[in-house]
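Contents: one structure, followed by commentary.
If you want it as C-alpha cells, here you go:
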C-alpha cells in the first residue's frame with residue numbers, strides 16, 4: 009500500500025523561534041529592557057550588557073595552503089578538536105567599551121568571578137551597575153554567594169541591578185550584537201589552543217575599544233506596541 013500524495017514534507021524541518029505562551033510575561037520583560045535602553049545613564053550607574061557563547065578549539069590536521077595572487081587560501085576539512093572554551097562578553101554600548109574573556113567552563117562560580125571583575129576592576133567607581141543578560145540559571149545573585157564569603161557577596165550584590173531579557177528574546181540584548189561582530193571578525197577561523205584564543209580575543213577587544221565602537225539602540229517601547237502588537241495580551245480597557 010502506498011501513502012497518498014499530499015503537501016506534507018516529513019523529511020524537511022525549519023529552525024523556528026516558538027513564541028512564548030505567557031505573552032504577558034514576555035511583554036513585561038521586553039518593555040523593562042527597552043525602557044532601560046532609552047533611560048539616562050551615568051558613570052555612577054552605567055548600563056552593561058553581557059552574553060556568553062561556546063567556542064570550539066580546532067587544530068589543522070594538514071597544513072593549509074597559503075593564499076597567492078588569484079588563489080584563495082585552502083584549508084582541509086579535517087581537523088582535531090582541542091576542547092571547548094566558554095566566552096564571556098561585557099559590553100557598555102554607550103561608552104563603546106567591551107571586555108571579552110574565555111574560561112574552561114561556565115558555572116555559577118565562573119559567572120560570579122566575571123561579575124566581581126566587572127564591579128571591582130572595570131567599574132570600581134560605579135555606585136550601581138545595571139546589567140542586562142538572559143535568564144540562564146547561573147545569572148543570579150545566588151551565584152555570588154556560592155563563589156564568595158557572605159560579606160563579599162553582599163557587597164557586590166548591592167552594586168548590581170540585573171535586568172533579564174525574556175525567554176526567546178535574546179535579540180533584546182545588545183551584547184548579542186557585539187558577540188556577532190566578534191564571531192565574524194575574530195572567531196571565523198580555527199584556533200587551536202586556549203592561549204592563542206586569549207591572545208586573539210585581547211587583540212580584538214583592544215582594537216574595538218580603541219575606536220570606541222558603540223551601538224545606538226533605536227527600537228523603543230512605543231515601537232514595540234505598534235510593530236509587535238500581536239504579542240500583547242488582549243487586556244480589557
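In the working numbering, the protein residues as written are 9 to 245. Note that the Cβ used here is the ideal one computed from N, Cα and C, for glycine as well. Since the structure is predicted, the reported quantities are computational estimates derived from the model, not experimental observations.
A Cβ-Cβ contact shorter than 9 Å links residue 108 with residue 210. Collapsing the DSSP output to three states places residue 196 in coil.
When secondary structure is reduced to three states using DSSP, residue 179 falls in the helix class. Membership of residue 129 in any alpha helix (DSSP H) is not indicated, and neither H nor E is assigned to it by DSSP.
Apart from the 5 residues on each side of it in sequence, residue 98 sits with its Cβ closer than 6 Å to the Cβ of 56, 58, 107, 126 in its chain, given in chain order.
Taking a cut-off of 8 Å on C-beta distances, the stretch 69-85 does not touch the stretch 117-134, as fewer than three cross pairs fall below it. Distances from the CA of residue 46 to each of 236, 226, 232 were compared; the closest alpha carbon is that of 226. In the DSSP secondary-structure assignment, residue 110 is bridged to 95. Its chain contains 146, 151, 154 as the residues whose beta carbon lies nearer than 6 Å to that of residue 116, once the 5 sequence neighbours on both sides are disregarded; these appear in chain order. For residue 199, the number of other beta carbons within 10 angstroms of its own is at least 16, and it is reported as buried.
Nearest to residue 184 by C-alpha distance, out of 203, 112, 223, 79, is 223. Membership of residue 58 in any alpha helix (DSSP H) is not indicated; the residue belongs instead to the beta strand (DSSP E) covering 55-68.
Annotation: residue 216 to residue 105 spans about 8 Å, alpha carbon to alpha carbon.
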